[in-house]
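K.L.:
Mind looking over this structure? Questions follow.
Residue numbers (the numbering used here): 506 to 638.
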């Protein structure tokens with residue numbers, strides 16, 4: 506709402522998460538706030554209102570404002586994939602590099618403003634940019 510109050514068009518705002526699993530929470534919060542929104546998919550990119558998306562769908566696009574939702578240690582890196590790669594150190598390293606690249610790519614879609622949020626503990630992939638002192 507803050508961005509809209511500052512004059513940013515809702516269509517220039519995206520709220521993205523690592524997976525679609527968080528979309529119901531995001532859309533519910535937007536609905537409760539009376540903020541127009543729609544789900545952004547690869548097939549449908551130009552929807553009215555704030556765009557709700559996965560991080561993957563942001564690739565190649567830019568928005569004035571980006572909110573990355575659910576960047577907690579229980580969401581990023583994706584725990585369902587982390588388990589799959591945990592048994593092989595080389596594969597795990599490659600997976601973690603891809604997850605870090607995905608987070609970086611999503612964060613750099615913001616032209617003017619970026620907000621990153623999580624519940625509980627932040628993802629360890631944020632350690633290089635968080636001041637934990």
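Even glycine gets a Cβ: it sits at the ideal position worked out from N, Cα and C.
Let me know the alpha helix (DSSP H) ranges lying completely inside the segment 551 to 617, each 4 residues or longer, listed in chain order.
P.N.:
584 to 590 and 594 to 612
K.L.:
Quick one: any contact between the segment 575 to 586 and the segment 536 to 548, if contact means 3 or more CB pairs under 8 Å?
P.N.:
no
K.L.:
Per DSSP, residue 543 is paired with what?
P.N.:
For this step, residue 543 is matched to residue 38 along the chain shown. Looking at the DSSP assignment, residue 543 forms a beta bridge with 556.
K.L.:
Check whether the Cβ atoms of residue 562 and residue 524 sit closer than 8 Å, and answer yes or no.
P.N.:
Position 57 of the chain shown, counted from the start, is the residue given in the question as residue 562. Position 19 of the chain shown, counted from the start, is the residue given in the question as residue 524. No, they are not a contact pair.
K.L.:
Do residue 625 and residue 574 have their CB atoms nearer than 8 Å?
P.N.:
Your numbering for residue 625 matches position 120 in the chain shown. Your numbering for residue 574 matches position 69 in the chain shown. No.
K.L.:
With DSSP as the reference, label residue 527 as helix, strand or coil.
P.N.:
Residue numbering aside, residue 527 sits at position 22 when the chain shown is read from its first letter. Residue 527 falls in the helix class under three-state DSSP.
K.L.:
Can you tell me whether residue 526 is buried or exposed? The criterion is at least 16 other CB atoms within 10 Å of its CB, across all chains shown.
P.N.:
Along the chain shown, one-based indexing puts residue 526 at 21. With fewer than 16 other Cβ atoms within 10 Å, it is exposed.
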